[in-house]
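Below you'll find the structure, written out as structure tokens, and then a few comments.
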């Protein structure tokens, strides 16, 4: 343990709390204001009369239950495909030596570096030609592939920690490779698998670029897009927008806080161990 | 940490030869179809070969890029933005990681507060900060006016330099907790006896930080640095939700400009050329990370 001086620790933590929490304070306070007070100048720091009107409005009039459901469907689909395909690839990379393995792993890593704006235009054209523009399937395919390299990488790290002798022992007992994976490996990497699934879910939940370019119909748009589209309307209803940002953040915040340890291991595992 | 390898050495069961490809095949196919194909198409588009108005090989898009003042401005804005954001992430991330590594009461509460901004989707964070910096009903002005720091409301997102500062503030806020978590994991992995040895040798707090902590964190800093540069260089949502690139092009990044060229001005060749320049730059930046990671896993 380092032993930084007390005043240093207190100062840093104080500033950290101020910077980190002030915007959240502003979101909560604004979302509880009535429509007229929220555009008052200078702004009140806490509503004179708090109301949950804004939350009721976005839920009843703005279609947010639908956007919420869309985000849930898209993100779950992404998490499912990315982890399912990912777990097989991770096992393959972890357990076999084969021709072209290094090249394939390099492709995997490199594909993580490609910027979304490079891919989304041509992907949009591809989808239009395949008749998949403005469908959740087209969006889910894109998002699951974007999250795939990370899923494979993270899962490989977890599978690597299980000695291959265990696989051999199970196969001597007559298990097939597939059975080894499902009955021996997966139960042993459950925490890692849960973290991977969650992370893919969260990446999909936070996406806006791909949804913006691939989804047109309001009935299929996710939360992020729904909040963004609130600016295109006749008036900018800040109380409702702030309420919507809070709703859009609630699920990811809870999941991230629960799983942060695993995520750091996934990203930085190899660097820690050395 | 090096399982497998020997297992399929010569002499292993021949039926297992094709097995690895069954396992990794679906992932590779998906990557080739959904990422590989569009990436190749983007390159072809940038040379005016496919899915453009009048196909035919041409370097016009790149020529135009080289002389386009808007792209030059955007490129330097992006570089400044990435440089500033990433250095602040590392500085603030390290300071907070050091503080959180001390013995604290209710440590988990501080930890939760510390990572909270990172959990906000980027476009949502942009929208939140847009309202914080709003000229009339925004929080920044409400506080500054009350403190008497300014007499007139500041037009944060309406002035080019202040808008740039605003976007940097927003993205530093959202991004530094991740860097902090990586560095904190690194700090916790430093064995206590190193500090004891340093203390016996008469090292003070600064010296043990300089000669024990920093060298031990080296790998973590490299990982955090490279990942962060890549993420920030392709970031889209924060700026799109907060300023849309404005005022003028003051906060325009290569990512937002590419999006506009493709989907608003319908210049696929030009947009793709821009994105190719961005992608190639990022791949070059990523080389050290790729080398370190590949050599560890080979």
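Protein chains in written order, with our numbering: chain A, 1002 to 1275; chain B, 45 to 342. Backbone N, C-alpha and C define an ideal beta-carbon position, used for all residues, glycine too.
Give me, in chain order, the residues of the same chain whose beta-carbon lies closer than 8 Å to that of residue i; leave out the 5 immediate sequence neighbours on both sides.
| i | result |
| --- | --- |
| residue 1262 of chain A | none |
| residue 1079 of chain A | 1141, 1144, 1145, 1148, 1201, 1202, 1204 and 1205 |
| residue 126 of chain B | 273, 276 and 277 |
Compare the Cα-Cα distances from residue i to each of the options and report the closest residue.
| i | options | result |
| --- | --- | --- |
| residue 1239 of chain A | B:329, B:223 and B:177 | B:177 |
| residue 1128 of chain A | A:1029, A:1037, A:1217 and A:1024 | A:1217 |
| residue 1256 of chain A | B:283, B:139 and B:165 | B:165 |
| residue 1167 of chain A | A:1154, A:1156, A:1153 and A:1182 | A:1182 |
| residue 1165 of chain A | A:1121, A:1098 and A:1105 | A:1098 |
| residue 279 of chain B | B:117, B:107, B:63 and B:130 | B:130 |
| residue 154 of chain B | A:1134, A:1229 and A:1022 | A:1022 |
| residue 1059 of chain A | A:1131, A:1042 and A:1230 | A:1230 |
| residue 136 of chain B | A:1130, A:1050 and A:1020 | A:1020 |
| residue 1046 of chain A | B:181, B:333, B:248 and B:107 | B:181 |
| residue 62 of chain B | A:1100, A:1211 and A:1110 | A:1100 |
| residue 1179 of chain A | A:1092, A:1007 and A:1028 | A:1092 |
| residue 1188 of chain A | A:1247, A:1163 and A:1174 | A:1163 |
| residue 336 of chain B | A:1054, A:1049, A:1134 and A:1106 | A:1106 |
| residue 1109 of chain A | B:80, B:315, B:246 and B:194 | B:80 |
| residue 151 of chain B | A:1018, A:1186 and A:1169 | A:1018 |
| residue 121 of chain B | B:254, B:324 and B:300 | B:300 |
| residue 1010 of chain A | B:167, B:149 and B:64 | B:149 |
| residue 1061 of chain A | A:1104, A:1241 and A:1173 | A:1241 |
| residue 74 of chain B | A:1139, A:1134 and A:1016 | A:1139 |
Just to confirm, is the Cβ distance from residue i to residue j under 7 Å?
| i | j | result |
| --- | --- | --- |
| residue 1116 of chain A | residue 322 of chain B | yes |
| residue 1201 of chain A | residue 68 of chain B | no |
| residue 223 of chain B | residue 293 of chain B | no |
| residue 82 of chain B | residue 1123 of chain A | yes |
| residue 71 of chain B | residue 90 of chain B | no |
| residue 161 of chain B | residue 200 of chain B | no |
| residue 1209 of chain A | residue 281 of chain B | yes |
| residue 109 of chain B | residue 212 of chain B | no |
| residue 139 of chain B | residue 221 of chain B | no |
| residue 1031 of chain A | residue 1039 of chain A | yes |
| residue 1152 of chain A | residue 1087 of chain A | yes |
| residue 1052 of chain A | residue 1036 of chain A | no |
| residue 96 of chain B | residue 313 of chain B | yes |
| residue 1113 of chain A | residue 1150 of chain A | yes |
| residue 1246 of chain A | residue 1028 of chain A | yes |
| residue 172 of chain B | residue 1048 of chain A | no |
Quick test of your reading: residue i and residue j, contact by CB under 8 Å. State the CB separation rounded to the nearest angstrom.
| i | j | result |
| --- | --- | --- |
| residue 1198 of chain A | residue 1072 of chain A | With a Cβ gap of about 16 Å, residue 1198 of chain A and residue 1072 of chain A do not count as contacting. |
| residue 1044 of chain A | residue 183 of chain B | 6 Å |
| residue 302 of chain B | residue 1118 of chain A | 4 Å |
| residue 260 of chain B | residue 234 of chain B | 5 Å |
| residue 298 of chain B | residue 326 of chain B | About 10 Å; that fails the 8 Å criterion. |
| residue 163 of chain B | residue 1250 of chain A | 7 Å |
| residue 206 of chain B | residue 198 of chain B | 7 Å |
| residue 1276 of chain A | residue 1157 of chain A | What is shown of chain A runs 1002 to 1275, which leaves residue 1276 of chain A out entirely. |
| residue 330 of chain B | residue 265 of chain B | Not confirmed; about 16 Å, so no contact. |
| residue 175 of chain B | residue 295 of chain B | Residue 175 of chain B to residue 295 of chain B, Cβ: 16 Å. No contact. |
| residue 256 of chain B | residue 238 of chain B | 5 Å |
| residue 291 of chain B | residue 202 of chain B | 6 Å |
| residue 1221 of chain A | residue 1137 of chain A | 6 Å |
What residues in its chain sit with their C-beta under 7 Å from that of residue i, if we drop five residues either side in the sequence?
| i | result |
| --- | --- |
| residue 1159 of chain A | 1190 and 1193 |
| residue 49 of chain B | Residue confidence is low: residue 49 of chain B scores 43 on pLDDT, short of 50, so the model does not pin down where it sits. Its coordinate-derived value is still stated next. Excluding sequence neighbours, residue 49 of chain B sits near nothing in its chain. |
| residue 170 of chain B | 214, 281, 282, 283, 284, 285 and 286 |
| residue 1219 of chain A | 1064 |
| residue 1081 of chain A | none |
| residue 228 of chain B | 141, 144 and 145 |
| residue 1223 of chain A | 1068, 1071, 1072, 1075 and 1212 |
| residue 114 of chain B | 293 |
| residue 1186 of chain A | 1092, 1160 and 1163 |
For residue i, which residues from the same chain have a beta carbon less than 6 Å from its beta carbon, with the 5 sequence-adjacent residues on both sides left out?
| i | result |
| --- | --- |
| residue 1334 of chain A | Since the displayed chain A opens at 1002 and closes at 1275, residue 1334 of chain A lies outside it and no answer follows. |
| residue 1214 of chain A | 1121 and 1125 |
| residue 1227 of chain A | 1068 |
| residue 119 of chain B | none |
Quick one: does the C-beta of residue i sit closer than 6 Å to a heavy atom of the ligand MN?
| i | result |
| --- | --- |
| residue 250 of chain B | The model on display carries no ligand, and the ligand MN is accordingly not part of it. |
Fill in: Start-end ranges of the alpha helix (DSSP H) lying completely within the region 1073-1146 of chain A, minimum 4 residues
If we require 4 residues or more, the alpha helix (DSSP H) runs fully inside the region 1073-1146 of chain A come out as 1102-1112 and 1117-1131.
Item to complete: Mind listing, in chain order, the continuous alpha helix (DSSP H) runs of no fewer than 4 residues lying wholly within the region 188-246 of chain B?
Response: 204-232 and 236-244
Item to complete: Identify every run of the beta strand (DSSP E) within the region 258-290 of chain B, keeping only runs that are complete inside it and at least 3 residues long; order them along the chain.
Response: none
Fill in: Ordered list of alpha helix (DSSP H) runs contained in the region 59-118 of chain B, each at least 4 residues
63-74, 81-90 and 104-111
Fill in: alpha helix (DSSP H) segments (min. 4 residues) lying fully within the region 1180-1235 of chain A
1191-1207, 1210-1215 and 1224-1230
Worksheet item: In chain order, what residues of the region 312-324 of chain B put their CB closer than 9 Å to some CB of chain C?
Response: Looking for chain C here will not work: the only protein chains present are A and B.
Worksheet item: Curious, which full-length alpha helix (DSSP H) runs of at least 4 residues does the region 1145-1173 of chain A contain?
Response: 1165-1173
Worksheet item: Can you list, in chain order, the stretches of the alpha helix (DSSP H) that have 4 or more residues and sit fully within the region 108-181 of chain B?
Response: Counting whole runs of 4 or more residues, the region 108-181 of chain B contains the alpha helix (DSSP H) stretches 113-144, 151-159 and 166-176.
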